[in-house]
Amino acid sequence: MDFGVVLQTNPPASRTVELARQAETHGFDYVWTFDSHLLWQEPFVIYSAILAATRKVVVGPMVTNPATRDWTVLASLFATLNEMYGNRTVCGIGRGDSAVRTLNGRPSNLATLREAVHVIRELANDRAVEVNGAKVRFPWSHGSELELWVAAYGPLALRLTGEVGDGFILQLADLDVAAWMIRTVRDAAEQAGRDPDTVKFCVAAPMYVGNGDSPAERAHMREQCRWFGGMVGNHVADIVTKYGAGSTVPKALTDYIQGRQGYDYNQHGRAGNTHADFVPDEIVERFCLLGSPREHVEKLEALRALGVTQFAGYLQHDNKEETLRMYGERVIPALRETVVATA
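Converting from the sequence shown to this note's numbering requires adding 3 to each position, the first position being numbered 1.
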């Protein structure tokens, strides 16, 4: 299993770069960031600084979208970074959430997402592609390589992911939901004539390492990560609106949003989000990784058994450095020792 960290590009940018450097030091393989240009700083500028300050980590957005960014510009950004620092980029992409909703826009439809994935993939992998009736290619790009990982929740988006994605990003760590979604993506890949084993599976969720021995400490960890249930609720609400509460989407994913009263994107992805009060403690525990290193290892082993190939931990809380350190010293070695022992 690979490990990633998910950062917000809050100022100062040097802080984001330093956290990325620490993540590499502690054994993380990927550094992802939010991509919402009104809420946070421009990530692609910061990627260049991260790549310059590190040696191996792969960087990319979790996630960008086809609505607020021109597809050919996105491909050029990735290909340029690859030329400067080696092929150390990855593109996480979805229909769009905060980046479009803060502009009163709507997420892209799946046909647009499919076309965007194709155009970005071809250009950023040094191939020609047709755009608006014109055949284009970067004449300066040689040897650039880029994987496209699709973020999805609903049945049709999951099917698209299996058909075209190099990887699948699931932004929650509930075991039952992960099992259903991974199976759906794998089935879609197989039906499309692809080898399901070639699709990578990334579970992304807040990670908070603490002793958790006292009820007060456990409650503090939950409060620091409750925002995540509110963020996921935006996507789930769209799914329920489209498919209905009685759809094939697991009840564990849909029931909790019944108390949702709206959402303020100015508090998006932030600890203490006042619009996440509807998220119950049970959902925070199911969707996130909280507690001692042993608890993290146990849940990660369960996720790996479902086919998860990467865990990417959000660090939007008050215990960033200690969580990175404990992952580097306790959690990541334990997972990798298990693989060696099994082999």
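Think of the CB as a built atom: it goes at the ideal place given N, C-alpha and C, for glycine as much as any other residue.
Collapsed DSSP secondary structure at residue i in the structure displayed
i    : result
P296 : helix
D5   : strand
A274 : coil
T11  : Checking the sequence shown, residue 11 turns out to be Gln, not Thr. The answer is coil: DSSP assigns Q11 none of H, G, I, E or B.
Q227 : helix
A3   : In the structure as shown, the chain begins at 4 and stops at 346. Residue 3 is therefore absent and cannot be evaluated.
L42  : coil
G170 : strand
Rounded separation between residue i and residue j - CA only
i    : j    : result
P14  : S39  : 14 Å
G30  : A23  : 11 Å
R124 : V76  : 12 Å
L327 : A26  : 6 Å
L159 : R117 : 12 Å
A195 : L113 : 16 Å
V66  : E220 : 31 Å
R197 : D190 : 10 Å
T187 : F6   : 23 Å
L178 : D280 : 23 Å
Y50  : T257 : 35 Å
V356 : P253 : Beyond the ends of the chain as shown, which are 4 and 346, falls residue 356; an answer cannot be given.
Y211 : D321 : 9 Å
E166 : D216 : 45 Å
C94  : A154 : 10 Å
L106 : R98  : 15 Å
E193 : P199 : 6 Å
G146 : A82  : 9 Å
Q87  : C291 : Going by the sequence as given, residue 87 is Met instead of Gln. Roughly 35 Å between the two C-alpha positions.
Terminal residues of the beta strand (DSSP E) in which residue i lies
i    : result
A55  : Looking at the DSSP string, A55 is not in any beta strand (DSSP E); the run it does join, the alpha helix (DSSP H), is 46-56.
M210 : 203-212
T36  : 33-36
F290 : Where F290 is concerned, there is no enclosing beta strand (DSSP E), although the alpha helix (DSSP H) it sits in stretches over 284-290.
A315 : 313-317
Assigned exposure category for residue i - 16 Cβ within 10 Å defines buried
i    : result
K302 : buried
S17  : exposed
N85  : buried
G233 : buried
V367 : Beyond the ends of the chain as shown, which are 4 and 346, falls residue 367; an answer cannot be given.
P218 : exposed
K73  : With the sequence shown as reference, residue 73 is identified as Asp, and Lys is not the correct amino acid for it. So D73 counts as exposed.
E285 : exposed
W43  : buried
E133 : exposed
Delimiting residues of the alpha helix (DSSP H) encompassing residue i
i    : result
Y88  : 74-88
W183 : 178-194
V20  : 16-28
V66  : Note, V66: premise wrong, no alpha helix (DSSP H); not H, not E.
L327 : 323-329
- Query: What alpha helix (DSSP H) runs, 4 residues minimum, are completely inside the stretch 108-144?
  - Reply: DSSP runs (the alpha helix (DSSP H)) wholly in the stretch 108-144: 113-127.
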